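At position 210 of the sequence shown the residue is numbered 210 (UniProt numbering), and the sequence of numbers has no breaks.
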Amino acid sequence: MIPVTIKQAPSVTIARFLCLPHSRFLTVQPTCGREPGSGSKLQLARAPELRMLSHMRSPDKQVPRLMSDRLVLRPFEITDAPSLARITNNPLLLRNLLRTSCPFTVHDARNRILRFRKNNLRVWAIDNGQLLGLIGLAGEFGLWLGRGAWGKGYGEEASRLVIDHAFTHMKMTVLHANPISDNRASCHLMEKLGFSVVGRTQSFCKQRNKRVALRRYELKNGG
């Protein structure tokens with residue numbers, strides 16, 4: 001699995017899973033954002049993600065299809081819920097997500113897909129004939145893959161499609177990602193994609209039931 005922030009002008013398998021702590025896809029709400037000086041430190045810290053979330057909404061209410069040699073990134077359908085639940089309901093994957101934990105049911109998956117669609121978020125199903133995982137730009141850049149897709153380069157391939165779309169078509173200038181620090185596969189992927197470490201922070205991980213350290217990564221358009 002794999003979160004990103006924007007400005008405009010795996011959970012590893014133990015060894016190789018790609019994921020950014022994500023469940024922020026669903027929890028960052030625009031109503032929480034305030035201008036500097038009017039909110040708490042947490043709100044200030046989340047301000048870039050809130051600006052990104054607003055920017056990432058698809059104005060035409062249609063998430064575009066993106067394609068590479070092996071993958072199709074497409075909008076989620078409600079019929080994807082059983083497959084999404086199956087690939088996500090894995091403790092090895094969920095330990096690297098922040099706000100998702102076992103059991104992750106078909107009902108949970110359906111509600112998540114409905115949230116993506118209702119808020120017009122740029123979140124794609126990663127598909128090669130079957131659902132492999134998800135990737136998106138919704139408050140943060142994030143992706144996760146089911147265990148059967150680990151170690152095959154799908155995370156990098158899907159990430160490069162989305163980064164190109166964000167910078168070339170959406171005209172974003174900066175992306176931010178915040179993987180859990182001990183998620184070596186995600187941190188390695190971020191660095192392979194050209195992200196640089198710009199800081200550290202902490203957040204609560206539901207599956208681990210404790211606060212965890214996060215690395216803050218940044219990728220600049222043209223950088």
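Cβ atoms here follow ideal geometry from the backbone N, Cα and C, with glycine treated the same way.
Since we're looking at a predicted model, the values are computed, not measured.
Own chain, CB closer than 8 angstroms to residue i, minus 5 neighbours either side, in chain order
| i | result |
| --- | --- |
| residue 308 | Any question about residue 308 goes unanswered here, given that the chain covers just 1 to 223. |
| Leu114 | Ile78 |
| Phe104 | Ala85, Thr88, Asn89 and Leu94 |
Option nearest residue i by Cα separation, candidates the options
| i | options | result |
| --- | --- | --- |
| Arg122 | Arg74, Val106 and Leu92 | Arg74 |
| Ile87 | Leu71, Val72, Arg70 and Val106 | Val106 |
| Met67 | Lys118, Glu218, Met190 and Gly129 | Gly129 |
| Val63 | Cys102, Ser196, Thr100 and Phe116 | Phe116 |
| Asp69 | Glu157, Pro179, Asn120 and Trp124 | Glu157 |
| Arg208 | Ile180, Glu191 and Ile135 | Ile180 |
| Gly195 | Asn120, Phe141 and Ile135 | Per the sequence shown, residue 195 should be read as Phe rather than Gly. Selected option, being the one with the closest Cα: Phe141. |
| Cys102 | Lys210, Lys118 and Ala85 | Ala85 |
Close-in-space but distant-in-sequence residues of the same chain around residue i (CB under 6 angstroms, 5 per side omitted)
| i | result |
| --- | --- |
| Cys205 | Leu98 and Val212 |
| Lys220 | Val174 |
| Pro82 | Val106 |
| Val198 | Arg216 and Glu218 |
| Arg65 | Arg74 |
| Val162 | Ile135 |
Bridge partner(s) assigned by DSSP for residue i
| i | result |
| --- | --- |
| Leu92 | DSSP lists no partner for Leu92. |
| Ser159 | The partner list for Ser159 (beta bridge, DSSP) is empty, contrary to what the question assumes. |
| Asp127 | Val72 and Leu131 |
| Met67 | Val72 |
| Gly136 | Val123 and Gly142 |
| Leu84 | Leu84 is not bridged to any residue. |
| Leu175 | Leu219 |
Host beta strand (DSSP E) of residue i (start-end)
| i | result |
| --- | --- |
| Lys210 | Lys210 to Lys220 |
| residue 279 | Any question about residue 279 goes unanswered here, given that the chain covers just 1 to 223. |
| Leu121 | Where Leu121 is concerned, there is no enclosing beta strand (DSSP E), given that its DSSP letter is neither H nor E. |
| Leu143 | Phe141 to Leu145 |
Bounding residues of the alpha helix (DSSP H) (the contiguous stretch that carries residue i)
| i | result |
| --- | --- |
| Ser181 | That residue, Ser181, is in no alpha helix (DSSP H); it is neither H nor E in DSSP. |
| Val198 | No alpha helix (DSSP H) holds Val198; the beta strand (DSSP E) holding it covers Ser196 to Cys205. |
Any non-hydrogen atom of the ligand MG within 8 angstroms of residue i CB
| i | result |
| --- | --- |
| Leu214 | Questions concerning the ligand MG fall outside what the structure shown contains, since it holds no ligand whatsoever. |
Own chain partners of residue i with C-beta closer than 7 angstroms, once the 5 adjacent residues on each side are dropped
| i | result |
| --- | --- |
| Ala149 | Leu132 and Gly133 |
| Gln29 | Unreliable positioning characterises Gln29 in this predicted model, as indicated by a pLDDT of 27, which lies under 50. A coordinate reading is not provided. |
| Asn90 | Arg147 |
| Met170 | none |
| Tyr154 | Leu71, Ile126, Leu132 and Leu145 |
| Met190 | Ala177, Pro179 and Tyr217 |
| Thr168 | none |
Rounded distance between the beta-carbons of residue j and residue i, thought under 8 angstroms
| i | j | result |
| --- | --- | --- |
| Thr201 | Arg184 | Contact flag wrong, Cβ pair sits at about 18 angstroms. |
| Leu137 | Ala166 | 6 angstroms |
| Leu214 | Ser159 | Actually they are not in contact, since the Cβ atoms of Leu214 and Ser159 sit about 18 angstroms apart, beyond 8 angstroms. |
| Leu92 | Thr100 | Contact doesn't hold; Cβ gap of about 13 angstroms is too wide. |
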